[in-house]
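Enquirer:
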Amino acid sequence: MKKIAKMSLVAALAISGLTSASAVDLTEAIKGVKVSGFVSYTMEKVNNSNKATADKDGQHDLDIRIQAVIPVNDMVTATIRLDEKEDDDEKEDGVDSSSLSLEVDRAYFTYKNSMFTTNFGLMSAPLTDGSNADGISFSKDFGAIALTAGYAYSNATTANGADDLAYITANGSIDPVSYYVTYVAQIGTVGTAKTDANFLALGLSGNIEMISLGLDYAQMTGLDGTKDQNQVKVSIGADLGMVSLGLAYAANDKDGGETTVSQDDTAASNISVAGIELQDHADASAIQASIAFDINATNNVKLTYVSLDQDVSGTNDMTAYKLTYTNKMSSNFSVYANYESTDIDNTNNDKSELTLGAKYSF
């Protein structure tokens with residue numbers, strides 16, 4: 002039954018754009034099509050000690066994603082991705098057919114010739130939480146370094162909703178060090194407001210035996226009416242077989258640490274655990290420590306602790322921890338349970354959350 006359903010999906014995606022003038026045999030239409038995706042569902046129970054504060058966290062989070070890569074000819078492919086629109090866990094409606102809303106999240110063509118690649122269409126926008134944007138990009142792999150330059154337009158990823166983005170990225174590795182650099186110029190196109198800005202993210206990482214090291218830096222400059230912001234993080238980890246250890250320190254400058262185009266918590270330099278979002282706090286720093294233990298080949302327990310220190314007068318320090326249990330029942334299916342708690346010093350606005358979930362990938 003799974004194979005039949007998957008083949009039906011492949012066929013539907015592969016021939017959806019065909020007309021009577023270009024109709025082909027069904028077998029040929031689905032030949033070479035690669036379909037992937039996932040379905041995840043979580044149940045959430047939130048307890049906010051400040052009863053006067055409205056709870057905005059939803060009682061469930063449903064996410065569905067289906068992607069098909071369709072060969073057009075020897076050098077061109079078409080990528081189509083459908084994604085669940087209401088997957089931000091802030092929708093409290095019951096899960097039924099009326100609450101599901103799949104939308105086209107990616108739709109672009111890829112031309113690849115040797116080590117040169119061009120993408121054109123609705124693609125992923127740089128320095129965002131997977132947001133999309135219409136645009137074009139050009140990439141060239143030189144071995145030790147891969148370069149990409151692109152332009153995104155009419156996107157909905159910035160605070161103003163429709164600013165253009167010009168960007169360039171470089172990444173690669175020179176054993177044993179890997180690196181990345183991304184620069185984005187935001188070009189304001191909305192009304193008379195000046196929304197031009199510059200974003201930079203860069204990092205280094207490497208491994209020495211069982212030890213991993215990382216350094217990440219990000220900044221946002223030039224946005225009219227907003228002070229420049231930057232953030233830096235240093236991290237170290239150790240893989241001891243059944244036990245993995247992690248330690249990280251990150252800090253914002255005196256004006257804050259919002260350094261992504263979409264102003265979210267996805268910067269590699271950021272620390273985000275439970276109710277702590279470091280990038281939201283000016284003149285703040287955080288320490289994160291974690292330990293993970295493999296009970297056996299399929300069961301894992303991980304504990305993460307974060308302490309945030311704020312130096313701005315009138316603000317409160319915060320602590321949080323997150324306990325996660327994961328059971329990987331098979332290579333494509335896992336179930337998990339998370340318990341997280343956040344404590345804000347000198348307030349009654351503490352918060353805890355219990356999450357149970359499952360994820361199937363294909």
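The opening residue of the sequence shown carries number 2 in the numbering used here; numbering runs sequentially from there. Quick reminder that beta carbons are idealized off the backbone N, C-alpha and C, glycines included. These numbers come from a predicted model, not from an experiment.
Once the 5 residues before and after aspartate 346 are set aside, which same chain residues still bring their CB inside 6 Å of it?
Expert: Translated into the one-based positions of the sequence shown, residue 346 becomes position 345. Counting only Cβ-Cβ distances below 6 Å, and skipping sequence neighbours, we find Asn317 and Asp318.
Enquirer: Just the Cα atoms here: how many angstroms apart are aspartate 295 and lysine 303?
Expert: Numbered from 1 along the sequence shown, position 294 holds the residue referred to as residue 295. Numbered from 1 along the sequence shown, position 302 holds the residue referred to as residue 303. Whole-angstrom Cα-Cα distance: 9 Å.
Enquirer: Given a cut-off of 7 Å on the beta-carbon distance, is the pair glycine 223 and alanine 202 in contact?
Expert: Here residue 223 refers to the residue found at position 222 of the sequence shown. Here residue 202 refers to the residue found at position 201 of the sequence shown. Cβ atoms of glycine 223 and alanine 202: not closer than 7 Å.
Enquirer: Report the option in Val34, Ser335 and Gly136 whose CA atom is closest to the CA atom of aspartate 164.
Expert: Taking the first residue of the sequence shown as position 1, residue 164 is located at position 163. Ranking Val34, Ser335 and Gly136 by Cα distance to aspartate 164 puts Gly136 first.
Enquirer: Looking only at DSSP bridge pairs, what is histidine 61 linked to?
Expert: Reading the sequence shown from its first residue, position 60 is the one you call residue 61. In DSSP, histidine 61 forms a bridge with Met44.
Enquirer: Hey, which unbroken runs of the beta strand (DSSP E) at 3 residues or more fall wholly within the segment 281–348?
Expert: List check, beta strand (DSSP E) in window: 285–295, 300–311, 319–331 and 334–345.
Enquirer: Which residues does DSSP list as the beta-bridge partners of glycine 247?
Expert: Numbered from its first residue, the sequence shown carries residue 247 at position 246. Partner(s): Gly238 and Ser291.
Enquirer: If you draw a straight line from the alpha carbon of glutamine 311 to that of methionine 44, how long is it in whole angstroms?
Expert: Position 310 of the sequence shown, counted from the start, is the residue given in the question as residue 311. Position 43 of the sequence shown, counted from the start, is the residue given in the question as residue 44. Spanning the two alpha carbons is a distance of roughly 32 Å.
Enquirer: When you compare only the Cα positions, how much space is there between lysine 352 and lysine 35?
Expert: Position 351 of the sequence shown, counted from the start, is the residue given in the question as residue 352. Position 34 of the sequence shown, counted from the start, is the residue given in the question as residue 35. Their Cα atoms are separated by approximately 43 Å.
Enquirer: Find the nearest neighbour of isoleucine 31 within the set Ser273, Val47, Thr78 and Asp229, judged by alpha-carbon distance.
Expert: Counting from 1 along the sequence shown, the entry for residue 31 is found at position 30. Closest option to isoleucine 31, Cα to Cα, is Thr78.
Enquirer: From phenylalanine 39 to arginine 66, what distance separates their C-alpha atoms?
Expert: The residue given as residue 39 occupies position 38 in the sequence shown. The residue given as residue 66 occupies position 65 in the sequence shown. Answer to the nearest angstrom: the Cα atoms are 5 Å apart.
Enquirer: Quick one: what does DSSP say glutamate 278 is sitting in, helix, strand or coil?
Expert: Residue mapping note: residue 278 aligns to position 277 of the sequence shown, counting from 1. DSSP places glutamate 278 in strand when its eight states are reduced to three.
Enquirer: Expressed to the nearest angstrom, what Euclidean distance is found between the alpha-carbon atoms of glutamate 278 and tyrosine 181?
Expert: Here residue 278 corresponds to residue number 277 of the sequence shown, with the count starting at 1. Here residue 181 corresponds to residue number 180 of the sequence shown, with the count starting at 1. If I take the Cα positions, the gap works out to 23 Å.
Enquirer: Where do the ends of the beta strand (DSSP E) carrying methionine 211 lie?
Expert: On the sequence shown, position 210 is the one that residue 211 refers to. Careful: methionine 211 lies outside any beta strand (DSSP E) and carries neither H nor E.
Enquirer: Can you list, in chain order, the residues of its chain with a C-beta nearer than 6 Å to that of alanine 108? Leave out the 5 residues immediately preceding and following it.
Expert: In the sequence shown, counting from the first residue as 1, residue 108 sits at position 107. Ile81, Gly122 and Leu123, listed in sequence order.
Enquirer: Inspect the beta-carbon positions of tyrosine 306 and tyrosine 326 and report whether they are closer than 7 Å.
Expert: Here residue 306 corresponds to residue number 305 of the sequence shown, with the count starting at 1. Here residue 326 corresponds to residue number 325 of the sequence shown, with the count starting at 1. Not closer than 7 Å, so no.
Enquirer: Would alanine 147 pass as a contact of alanine 167 if the rule is Cβ separation under 7 Å?
Expert: As a first step, residue 147 is located in the sequence shown; it is residue number 146 there, counting from the start. As a first step, residue 167 is located in the sequence shown; it is residue number 166 there, counting from the start. Going by C-beta atoms, alanine 147 is not nearer than 7 Å to alanine 167.
Enquirer: Relative to the alpha-carbon of threonine 170, which residue among Ala126, Ala252, Phe334 and Thr356 has its alpha-carbon at the smallest distance?
Expert: Start at 1 with the first residue of the sequence shown, and residue 170 comes out as number 169. Measuring from the Cα of threonine 170, the nearest candidate turns out to be Ala126.
Enquirer: By how many angstroms is the C-alpha of threonine 267 removed from the C-alpha of serine 37?
Expert: Within the sequence shown, numbered from 1, the residue matching residue 37 stands at position 36. Within the sequence shown, numbered from 1, the residue matching residue 267 stands at position 266. Approximately 23 Å between the Cα atoms of the pair.
Enquirer: If we ignore side chains and look at the alpha-carbon of each, how far apart do alanine 219 and threonine 260 end up?
Expert: Counting from 1 along the sequence shown, the entry for residue 219 is found at position 218. Counting from 1 along the sequence shown, the entry for residue 260 is found at position 259. When rounded, the distance between both Cα atoms is 6 Å.
Enquirer: Would you mind giving the Cβ-Cβ distance between threonine 183 and leucine 128, rounded to the nearest angstrom? I have them listed as a contact below 8 Å.
Expert: Translated into the one-based positions of the sequence shown, residue 183 becomes position 182. Translated into the one-based positions of the sequence shown, residue 128 becomes position 127. About 6 Å; that satisfies the 8 Å criterion.
Enquirer: Are there 16 or more other CB atoms within 10 angstroms of the CB of valine 105, so buried, or fewer, so exposed?
Expert: As a first step, residue 105 must be located in the sequence shown, where it is residue number 104. It is exposed - the Cβ of valine 105 has fewer than 16 other Cβ atoms within 10 Å.
Enquirer: Residues in its own chain within less than 6 Å of serine 286 by CB, not counting five upstream and five downstream?
Expert: Sequence index remark: in the sequence shown, residue 286 carries index 285 (1-based). Result list for serine 286: Ala252 and Asp310, in chain order.
Enquirer: Which term fits serine 332, buried or exposed, when burial requires 16 or more other beta carbons within 10 angstroms of its beta carbon?
Expert: For the purposes of this step, residue 332 is taken as the residue at position 331 of the sequence shown. Flag for serine 332 reads exposed.
Enquirer: Check the DSSP bridge columns for asparagine 114 and list the partner residues they point to.
Expert: By 1-based counting over the sequence shown, the position of residue 114 is 113. Beta-bridge pairing links asparagine 114 to Phe117.
Enquirer: Between which two residues does the beta strand (DSSP E) holding glutamine 382 run?
Expert: Residue 382 lies beyond the residue range present for the chain, which begins at 2 and ends at 363; the question has no answer from this structure.
Enquirer: Please list the terminal residues of the continuous beta strand (DSSP E) segment that includes valine 34.
Expert: As a working note, residue 34 is residue 33 in the sequence shown. Element bounds for valine 34: n/a, residue is neither H nor E.
Enquirer: May I have the straight-line CA-CA distance separating serine 206 from threonine 28, to the nearest angstrom?
Expert: Counted from its first residue, the sequence shown places residue 206 at position 205. Counted from its first residue, the sequence shown places residue 28 at position 27. Rounded to whole angstroms, serine 206 to threonine 28 spans 46 Å at the Cα level.
Enquirer: What are the start and end residues of the beta strand (DSSP E) that includes asparagine 350?
Expert: For the purposes of this step, residue 350 is identified with residue 349 of the sequence shown, where counting begins at 1. Careful: asparagine 350 lies outside any beta strand (DSSP E) and carries neither H nor E.
Enquirer: In the structure shown, what three-state DSSP assignment does glutamate 259 receive?
Expert: Reading the sequence shown from its first residue, position 258 is the one you call residue 259. Three-state result, glutamate 259: coil.
Enquirer: So is phenylalanine 143 buried or exposed if we call it buried at 16+ other beta carbons inside 10 Å?
Expert: Against the sequence shown, residue 143 aligns to sequence position 142. With fewer than 16 Cβ atoms within 10 Å of its Cβ, phenylalanine 143 is classed as exposed.
Enquirer: So if DSSP puts methionine 124 in a beta bridge, which residue, or which two residues, is it bridged to?
Expert: One-based indexing of the sequence shown puts residue 124 at position 123. Bridge partners of methionine 124: Ala134.
Enquirer: What's the gap between the Cα of asparagine 120 and the Cα of glycine 215?
Expert: Walking along the sequence shown from the start, residue 120 turns up at place 119. Walking along the sequence shown from the start, residue 215 turns up at place 214. Taking the straight line joining both Cα atoms gives about 30 Å.
Enquirer: Applying the criterion that 16 or more other CB atoms from any shown protein chain within 10 Å of the CB defines a buried residue, is threonine 348 buried or exposed?
Expert: In the sequence shown, the residue the question calls residue 348 occupies position 347. Classification of threonine 348: exposed, given that the 10 Å Cβ count is below 16.
Enquirer: Beta strand (DSSP E) containing serine 174: first to last residue?
Expert: To locate residue 174, count along the sequence shown from 1; it is residue 173. Segment 165–175, the beta strand (DSSP E) holding serine 174.
Enquirer: Which value, in whole angstroms, describes the spacing of the CA atoms of aspartate 256 and aspartate 225?
Expert: If you number the sequence shown from 1, residue 256 lands on position 255. If you number the sequence shown from 1, residue 225 lands on position 224. Whole-angstrom Cα-Cα distance: 14 Å.
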